[in-house]
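K.L.:
Take a look at this one; I'll ask things after.
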Amino acid sequence: MGFLSYLISGISLGSVYAIIALGYTMVYGIAKMLNFAHGDVIMIGGYMSFCGMMYLGVNGWLALALAMVVCTVLGILIEGLAYRPLRQAASLAVLITAIGVSYFLQNSALLIFGATPKVYQPLIPLMNAAGEPNALKLFGGQLSISYISLFTMLSCIVIMIALTWFTGHTKLGKAMRACSEDKDAARLMGISVDKTISLTFAIGSALAAVAGVLLCSFNPTLMPTTGSMPGIRAFTAAVFGGIGSIPGALLGGLLIGIIEAMAKAYISTQLANSVVFAVLIVVLLVRPAGLLGKRMTEKV
Amino acid sequence: MNTILKVDNANVYYGAIHAIKGISFEVNEGEIVTLIGANGAGKTTTLQTVSGLLRSKTGSIEFCGEDISRVQAHKIVEKGLAQVPEGRRIFAQMTVQENLEMGAYTSPADMDKNLERVFEQFPRLKERRRQIGGTLSGGEQQMLAMGRALMCSPKLMMLDEPSMGLAPILVEQIFDIIKSLHENGTTILLVEQNAQMALSVADRAYVMETGKITLSGTGKELAASEAVKKAYLGG
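Chains A and B are the protein sequences, given in the same order.
Going left to right, the first sequence walks through residues 1211 to 1510 as this note's numbering numbers them.
Going left to right, the second sequence walks through residues 1364 to 1598 as this note's numbering numbers them.
In structure tokens form, the structure reads like this:
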């Protein structure tokens, strides 16, 4: 039963990574840039839902909606103010700007909320009113899966299905794919590339807010650096699965989550990160484009 | 005849390089006009300036009487000016049908009608509508690029090197299609290195050399001109 419960905790953690990785991979696919501020948008999402619950007194679900709205606006602002003016600039300039935005967000949070960790109220409390764990019991109670884990896995599945449908069947979603393939050709179709990139940041940032709330529900200490490490792991997941690919983000996220959980359980908690990144290095040596990286041969 | 496109004194720079040096030309409704010239003469740059991907520092570009020289590329398409870019530039990872849908991005209301018309013109595309664009042959990709541009029912269609990289038999086929589009009333601005083919279908033609227009006349006049023969038609 130990193995199964580690696997489940790996999958639920991996689901959060997958949701974050989607933001990296979609933005990379269309804007061909690594948005290193993405991890910090997660943290802002965490703080926004915290403020919603703490100061506005709304319940966790409304606070989640508030966080999604704020992060969506934030994502559009970051793109419009920091990245759009650099559309023609060298990619190194964009990368440095992204790191700058990341520090800006972290330090703004530090200034506003202070360095003391906030105690976060999980979206679904771990215990119910009667003091019993809020969890699904299987095998006569030998295996228990918390409702928040179940909710996380379910959200991940719903988000994946929704995004796959969006990019495959809607006009805007197809325009997004067209822009990620060839921006000038997309312009010649009458697609506004700037608006499409904004939309991508909006979606990625709304997902970051969801990830922020889920992450804080698992690990209820909220600090200005809360988003950094999950952000980097999710970025790893995106590269692992093949950056630019939506199914790749799912696969990469789940694998990173499972590897991390297994490494913590069977090797050592301290070495978990090293194991995760070592696996990444090996995968990239063997498959440089990632597991599901696009490598279609094209006739010319 | 109404002038549909009028380029007046366009100057385009790539950084310090002066690529287009004060060119002026026009296209009238119902015509096929061709720009011919050697590699690097500035033909593609000219088309990209008209379609708004590049900007002219001076002068004006009038399309249907409206100055479009400062209008964003995606808004120019809405006005009815379509470009089939050099190298086709189809969306290789999208299906044939999706490529055509992208062509109809600005005019979704007429999509079914236009799709039917494009499939009629290019039956091959209908057969392959579910296939991924990148798996088509070169000739089919050119047809797809042309069909995609037709999906917005353009008033003017600009074709950039449609014969590039195609076998002679396919070149013939592409030019037959250009002629039939013209017969159906589409105005065409054609950029070609294959001067002989281009001049054989064109009503009027301009010869470009290092960023300038050096000669102009009807297709027949230029095909008969000694200078053009020598430079572009192999003697």
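Ideal Cβ positions, reconstructed from N, Cα and C, are used throughout, including at glycine.
Quantities reported herein were computed from a predicted structural model and do not represent experimental measurements.
CA-CA distance, Tyr1330(A) and Ile1309(A)?
P.N.:
Taking the first residue of the first sequence as 1, we reach residue 1330(A) at position 120. Taking the first residue of the first sequence as 1, we reach residue 1309(A) at position 99. Their Cα atoms are separated by approximately 27 Å.
K.L.:
Between the C-alpha atoms of Tyr1293(A) and Val1434(B), what's the straight-line distance to the nearest angstrom?
P.N.:
Here residue 1293(A) refers to the residue found at position 83 when the first sequence is read from its first residue. Here residue 1434(B) refers to the residue found at position 71 when the second sequence is read from its first residue. Their Cα atoms are separated by approximately 22 Å.
K.L.:
Glu1391(A) versus chain B: which residues are under 8 Å apart at the beta carbon?
P.N.:
In the first sequence, the residue the question calls residue 1391(A) occupies position 181. Under the 8 Å cutoff, chain B gives Phe1454, Ala1455, Gln1456 and Met1457.
K.L.:
Can you name, in chain order, every residue of its own chain whose Cβ lies under 6 Å from the Cβ of Ala1541(A), other than the five neighbours on each side?
P.N.:
Beyond the ends of chain A as shown, which are 1211 and 1510, falls residue 1541(A); an answer cannot be given.
K.L.:
Helix, strand or coil, according to DSSP, for Val1268(A) in the structure here?
P.N.:
Residue mapping note: residue 1268(A) aligns to position 58 of the first sequence, counting from 1. Here Val1268(A) sits in coil by DSSP.
K.L.:
Let me see if you follow: with CB-CB separation under 9 Å, is Leu1398(A) close to chain B or not?
P.N.:
Indexing the first sequence from 1 puts residue 1398(A) at position 188. Yes, contact with chain B.
K.L.:
Does the segment 1486-1493 of chain B come within contact of the segment 1427-1447 of chain B, defined as at least 3 CB pairs closer than 8 Å?
P.N.:
No, they do not touch.
K.L.:
Count the other C-beta atoms from every protein chain shown that fall within 10 angstroms of the C-beta of Ala1590(B), then say buried if there are 16 or more, exposed otherwise.
P.N.:
Counting from one through the second sequence, the residue named residue 1590(B) turns up at place 227. Ala1590(B) should be labelled exposed.
K.L.:
For the segment 1410-1439 of chain B, which residues have a CB atom closer than 7 Å to at least one CB atom of chain A, in sequence order?
P.N.:
If the cut-off is 7 Å between Cβ atoms, the segment 1410-1439 of chain B has Ser1414, Leu1416, Ala1436 and His1437 near chain A.
K.L.:
Runs of 3 residues minimum, wholly inside the segment 1471-1540 of chain B: which ones carry the beta strand (DSSP E) assignment?
P.N.:
Listed in chain order, the complete beta strand (DSSP E) runs (minimum 3 residues) inside the segment 1471-1540 of chain B are 1519-1523.
K.L.:
Beta-carbon within less than 6 Å of Gly1233(A)'s beta-carbon, same chain only, minus the 5 sequence neighbours each way: which residues are those?
P.N.:
The residue labelled residue 1233(A) in the question sits at position 23 within the first sequence. Contacts found: His1248, Gly1414, Leu1417 and Ala1418.
K.L.:
Kindly indicate which residue of Phe1454(B), Glu1389(B), Gly1502(B) and Met1474(B) has the alpha-carbon position closest to the one of Val1534(B).
P.N.:
One-based indexing of the second sequence puts residue 1534(B) at position 171. It is Gly1502(B).
K.L.:
Assign Arg1451(B) to one of two classes, buried (16 or more other C-beta atoms within 10 Å of its C-beta) or exposed (fewer than that).
P.N.:
Translated into the one-based positions of the second sequence, residue 1451(B) becomes position 88. With 16 or more Cβ atoms within 10 Å of its Cβ, Arg1451(B) is classed as buried.
K.L.:
Can you check whether the CB of Phe1426(B) is closer than 9 Å to the CB of Gly1403(B)?
P.N.:
Here residue 1403(B) is taken as the residue at index 40 of the second sequence, counted from 1. Here residue 1426(B) is taken as the residue at index 63 of the second sequence, counted from 1. For Gly1403(B) and Phe1426(B), no; Cβs fall outside 9 Å.
K.L.:
If you measure from the beta carbon of Arg1294(A) to each beta carbon in chain B, is any gap under 9 Å?
P.N.:
The sequence position of residue 1294(A) within the first sequence is 84, counting from 1. Not one chain B Cβ lies under 9 Å of Arg1294(A).
K.L.:
Tell me which residues share the same chain as Ser1259(A) and place their Cβ nearer than 6 Å to its Cβ, disregarding the 5 neighbours each side in the sequence.
P.N.:
Position 49 of the first sequence, counted from the first residue, corresponds to residue 1259(A). Same-chain partners within the cutoff: Ala1273, Leu1274, Ala1277 and Val1423.
K.L.:
Three or more C-beta pairs under 8 Å: does that hold for the segment 1556-1571 of chain B against the segment 1392-1399 of chain B?
P.N.:
Flag = yes, the segment 1556-1571 of chain B and the segment 1392-1399 of chain B touch.
K.L.:
Thinking just about the alpha-carbon of each residue, which of Pro1457(A), Leu1425(A), Pro1430(A) and Ser1359(A) is nearest to the one in Arg1443(A)?
P.N.:
Stepping through the first sequence from its first residue, residue 1443(A) is reached at position 233. Ranking the options by Cα distance to Arg1443(A), first place goes to Leu1425(A).
K.L.:
Tyr1376(B) by DSSP, collapsed to three states: which one?
P.N.:
In the second sequence, the residue the question calls residue 1376(B) occupies position 13. DSSP places Tyr1376(B) in strand when its eight states are reduced to three.
K.L.:
Quick check: what's the CA-CA separation for Val1304(A) versus Leu1291(A)?
P.N.:
Start at 1 with the first residue of the first sequence, and residue 1304(A) comes out as number 94. Start at 1 with the first residue of the first sequence, and residue 1291(A) comes out as number 81. The straight-line gap from Cα to Cα measures roughly 12 Å.
K.L.:
Verify the CB distance criterion: does Glu1490(B) have a CB-CB separation below 9 Å to chain A?
P.N.:
Mapped onto the second sequence, residue 1490(B) falls at position 127. Chain A, which has no Cβ nearer than 9 Å to the Cβ of Glu1490(B), makes this no.
K.L.:
First and last residue of the beta strand (DSSP E) that includes Ile1576(B)?
P.N.:
Taking the first residue of the second sequence as 1, we reach residue 1576(B) at position 213. Its beta strand (DSSP E) spans residues Lys1575 to Thr1581.
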